[in-house]
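Sequential numbering of the sequence shown, starting at 193, is according to my numbering.
C-beta atoms are modelled at their ideal positions from N, C-alpha and C, and glycine is treated no differently.
Worksheet: one structure, shown below.
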Amino acid sequence: MRFDLDGLPVYFPYAAIYPEQHAYMGELKRALDARGHALLEMPTGTGKTAALISLITSYSLANPSRPLRLLYCTRTVHEMEKTLAELRLLFSHLPPAAARSLLALGLSSRKNLCVHPEASASAARDSVDTACRRLTASWVREKAASDPDSTQLCEYFETFDRAAAAGDLASYMPPGVYTLADLRSLGRERRICPYYLARQMVKYANVVVYSYQYLLDPKVASIVSREMQKECVVVFDEAHNIDNVCIEALSVSIRKQTLEGAERNLRRISQEIDRFKATDANRLRAEYNRLVDGLAQRGNLPISDAWLANPSLPDDILKEAVPGNIRRAEHFLAVLRRLVRFLDGRLETENVENEMPVSFVASIHSQAGIDQRMLRFCYDRLQSLLLTLEITDTDEFMHIQTICDFATLIGTYTRGFSIIIEPYDDRMPNIRDPVIQLSCHDASLAIQPVFDRFQTVVITSGTLSPIDLYPRLLNFNPVISRSFTMSLTRDCICPMVLTRGSDQLPVSTKFDMRSDPGVVRNYGRLLLEMASAVPDGIVCFFVSYSYMDGIVNSWNDMGILQDIMQHKLVFIETPDVVETTLALDNYRKACDCGRGAVFFSVARGKVAEGIDFDRHYGRLVIMFGVPFQYTLSKILRARLEYLRETFQIQEGDFLTFDALRQAAQCVGRVIRSKADYGMMIFADKRYSRHDKRSKLPGWILSHLHDAHLNLSTDMALHTAREVCSLVALYSTCNCFGTLQCGCF
């Protein structure tokens with residue numbers, strides 16, 4: 193359909209539009225007009241993606257004098273594919289001339305795009321990267337040119353390189369929408385590398401869909417996204433955890449295994465240096481001269497040699513000459529050995545230590561003779577040396593890269609970080625497992641360059657409440673900030689707060705209550721009663737893996753688990769991705785065949801963040817407890833202190849905000865469209881408190897009736913049976929209860 197929005201012709205790929213989609217587009221248009229940033233919370237299952245891409249694409253088509261490019265960032269490959277499918281549908285509804293001029297593509301890692309039979313065979317991403325470098329590195333190709341029989345090359349990359357040199361890449365990728373599967377098929381058919389083709393074509397694409405890390409992780413962003421212009425609209429979808437993504441991009445952990453691996457890496461590098469001195473000393477001398485002029489003077493590396501960029505160095509530092517005492521390869525290795533020995537000594541502590549970067553750098557200087565400027569250049573100096581030594585098996589050098597990443601970050605930042613040394617894990621206090629953790633506390637350090645660089649950045653999700661905390665966490669000023677509710681002709685969600693069991697004893701996962709046999713029994717009886725009354729799939733979320741393991745074992749001892757399995761099969765998420773994927777597949781099969789199933793999962797886990805339980809796969813979701821973070825974590829305590837001192841965010845406010853956004857994300861898994869329906873049970877007495885409950889998204893609160901704020905198991909069971917009876921009535925009519933046929 194085509195409609196007018198404040199004078200803007202908007203092309204929309206569906207025959208009808210929801211009121212909240214129209215309102216969402218209106219706010220988004222205001223942000224584009226103002227060339228500012230936006231913070232928008234859109235209810236789950238109301239077509240947020242379709243609204244976003246339709247409005248931004250239509251806006252660009254209506255303003256040919258300043259066309260906008262869309263950089264759409266997703267958390268997972270699955271979400272990327274769904275977005276590209278929506279784009280394909282949208283392009284089919286555009287005027288033919290417009291559709292023929294637009295290019296949209298997805299970009300992912302080599303592991304997801306490589307079509308070389310041998311290089312793509314490995315299951316590990318780093319191994320695929322290394323196999324690719326062995327076939328495409330510039331020195332490998334030079335050797336093959338002089339001795340073709342001794343060196344294997346990648347025919348797909350060779351086709352790409354010839355097309356790029358001839359300026360003919362566009363003929364391989366005409367306008368249209370290219371999913372990852374499309375790119376792989378194109379690569380096999382045309383015998384061209386889909387990964388490098390996509391890497392090059394993002395410069396010309398109107399819409400690029402890729403991972404958060406391609407913009408937020410400086411090691412990746414400065415290689416993949418460096419040529420993106422200011423006239424881009426950046427969308428971070430499902431961005432409720434974006435502050436954590438930013439922090440993780442700039443945090444580093446070092447353990448004993450890391451240091452032992454770094455020692456092995458240094459011995460291997462030393463051997464390579466000796467070999468080059470004997471066979472090609474000119475390469476080392478040329479590198480020394482180049483470093484005198486500054487790191488940026490390396491020039492434009494071949495695309496196959498661009499590895500990972502510096503985690504923090506700004507352009508002005510890259511133009512400086514590298515410190516003289518690390519220009520020679522042997523001197524640089526000596527510096528790294530002293531740094532590794534220093535870190536090894538710090539791991540011998542018996543007490544928890546917490547230092548700021550300034551004092552830690554001062555300790556390195558006084559004990560190892562390495563100053564701040566030398567630390568700051570470590571990462572790039574290592575990359576330069578590995579290129580000079582023509583090392584292709586990059587996955588074997590991850591340990592020394594981690595050390596140099598750590599060194600560059602502490603040498604660059606003086607605030608927003610802390611170094612925490614822990615000899616024991618709090619959860620296993622009898623097992624020594626020392627770790628040095630460089631923990632970033634300020635999410636704005638990673639995302640601020642994105643806000644500064646692009647004219648409009650849209651942060652959106654279904655669970656951003658309370659929305660006013662994000663501008664403080666990310667240190668930006670949105671021109672538009674709004675939370676939308678869900679417009680419904682019938683209630684498709686039924687949230688409930690369960691505060692007590694059938695015996696009227698309160699239920700909670702508070703630390704002093706979670707192990708109480710009465711609480712464990714009441715939680716088990718709740719699930720048993722619901723499994724007997726609710727059809728199809730039930731999803732249960734627990735606050736942690738350890739709590740889930742403990743309560744499931746207790747239910748087994750009490751005989752409750754066996755009773756549940758009389759009604760439905762039970763599947764469990766584990767930290768192992770393969771096991772969890774298998775469990776999900778079997779869970780869906782059980783729901784498809786009518787047997788019904790229960791899936792046990794964990795808040796903040798892979799399932800909670802990326803798996804949809806739509807339709808019969810999720811008729812009920814139970815959130816057992818309030819998923820607060822582990823509050824004894826030294827890293828969390830340090831971050832809370834930083835947020836309080838820097839942004840005036842109080843500890844209780846942040847912890848409650850974080851727990852409730854995780855709870856909302858969990859229960860939102862069961863609603864993926866307005867034609868869907870599902871019940872949500874918040875099983876903890878703390879949800880009945882207004883200061884906790886009010887942090888839930890408005891689209892959940894608007895359906896949380898007063899009568900459902902303080903339920904026992906019996907009352908919740910009665911409500912669930914009423915809902916299921918009503919749904920049975922809905923299912924007899926083609927309108928599915930939308931009242932469009934007047935059936936009610």
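Residue from the options with nearest C-alpha to residue i
| i | options | result |
| --- | --- | --- |
| L375 | A875, M393, A358 | M393 |
| P235 | C916, R829, L893 | L893 |
| Y879 | P687, G453, E588, M590 | P687 |
| P205 | E914, Y216, A243 | A243 |
| D472 | T580, L665, G710 | T580 |
| S445 | I613, D804, D409 | I613 |
| L601 | D587, F569, E233 | F569 |
| L531 | V553, I873, N546 | V553 |
| G516 | R538, E479, M757 | E479 |
| V881 | V689, Y210, E310 | Before going further, note that residue 881 is Arg rather than Val in the sequence given. When only C-alpha atoms are compared, the closest one is V689. |
| D898 | N304, R885, T905 | R885 |
| F792 | A800, F763, L774 | F763 |
| K798 | H808, L776, Y809 | L776 |
| R459 | G239, V650, R529 | R529 |
| A800 | T655, P709, G239 | T655 |
| N667 | V527, I752, I841 | I841 |
| E452 | T823, E310, R533 | R533 |
| G729 | A856, R811, P366 | R811 |
| L535 | I756, T648, I595 | I595 |
| N902 | K274, R692, V711, P621 | R692 |
Residues bridged to residue i [DSSP beta-bridge criterion]
| i | result |
| --- | --- |
| L196 | According to the sequence shown, residue 196 is Asp rather than Leu. In the DSSP output, where bridge partners are listed per residue, D196 has P201. |
| F849 | Answer is none; F849 lacks a bridge partner. |
| Y264 | V401, V427 |
| D617 | M620 |
| V790 | I730, V762 |
| A243 | In the DSSP output, where bridge partners are listed per residue, A243 has none listed. |
| A875 | L690, F816 |
| S675 | E233 |
Range of the contiguous beta strand (DSSP E) that encloses residue i
| i | result |
| --- | --- |
| A313 | That residue, A313, is in no beta strand (DSSP E); it is neither H nor E in DSSP. |
| Y402 | 399-403 |
| T546 | Residue identity differs from the one stated: residue 546 is Asn in this sequence, not Thr. Start and end: 545-547. |
| E233 | 230-233 |
| G729 | 729-734 |
| Y715 | Looking at the DSSP string, Y715 is not in any beta strand (DSSP E); the run it does join, the alpha helix (DSSP H), is 709-725. |
| N622 | 620-632 |
| M365 | M365 -> no beta strand (DSSP E), and no H or E assigned at all. |
| P687 | 685-692 |
| V818 | Element bounds for V818: n/a, residue is neither H nor E. |
Range of the contiguous alpha helix (DSSP H) that encloses residue i
| i | result |
| --- | --- |
| P641 | 636-645 |
| N778 | 769-784 |
| E419 | Looking at the DSSP string, E419 is not in any alpha helix (DSSP H), and its letter there is neither H nor E. |
| M750 | 737-750 |
| T450 | 448-471 |
Same chain, Cβ closer than 6 Å to residue i, five either side skipped, listed in chain order
| i | result |
| --- | --- |
| N457 | F589, H591, I592 |
| Q489 | Low per-residue confidence applies at Q489: pLDDT is 45, beneath 50, and the placement is therefore not dependable, though the value from the model is reported in the following sentence. Excluding residues within five positions, the ones whose Cβ falls inside 6 Å are R482. |
| D585 | T322 |
| G491 | In this prediction, G491 scores a pLDDT of 49, lower than 50, which makes its location untrustworthy; no coordinate-derived value is stated. |
| F283 | A291, V369 |
| R831 | H633 |
| H285 | Y203, P205 |
Residue i beta carbon near the ligand NAP (any heavy atom closer than 8 Å)
| i | result |
| --- | --- |
| C265 | In terms of ligand content, the structure shown is empty, and the ligand NAP therefore cannot be addressed. |
Residues of its chain near residue i, where Cβ-Cβ distance is below 8 Å and the 5 sequence neighbours each way are ignored
| i | result |
| --- | --- |
| D660 | S673 |
| I384 | Y348, T351, F352, A355, Y364, L378 |
Contacting residues, own chain, Cβ-Cβ under 7 Å from residue i (five flanking each side not counted)
| i | result |
| --- | --- |
| L281 | P205 |
| D876 | V699, S700, T701, G817, V818 |
| I827 | I612, Q629, S631 |
| F676 | E212, A215, Y216, E233, M234, P235 |
| P201 | R194, S250, A254 |
| S736 | V794 |
| G716 | W747, M750, I752 |
| G870 | I685, G810, R811, L812, V813, V862, I863 |
CB contact below 9 Å: residue i versus chain C
| i | result |
| --- | --- |
| A291 | Of the protein chains in this structure there is only one, and it is not chain C. |
**Cβ contact check for the stretch 312-321 and the stretch 349-361: 3 or more pairs under 8 Å** = no
**Message:** Using 8 Å as the cut-off, can you tell me whether the stretch 397-413 makes contact with the stretch 290-307, which would need three or more C-beta pairs spanning the two stretches below that distance?
**Reply:** yes
**Message:** Would you call the stretch 259-267 in contact with the stretch 421-428, where contact means no fewer than 3 C-beta pairs closer than 8 Å?
**Reply:** The stretch 259-267 vs the stretch 421-428: in contact.
**Request:** Tell me, please, whether the stretch 820-838 touches the stretch 461-471 by the rule of three or more beta-carbon pairs shorter than 8 Å.
**Result:** no
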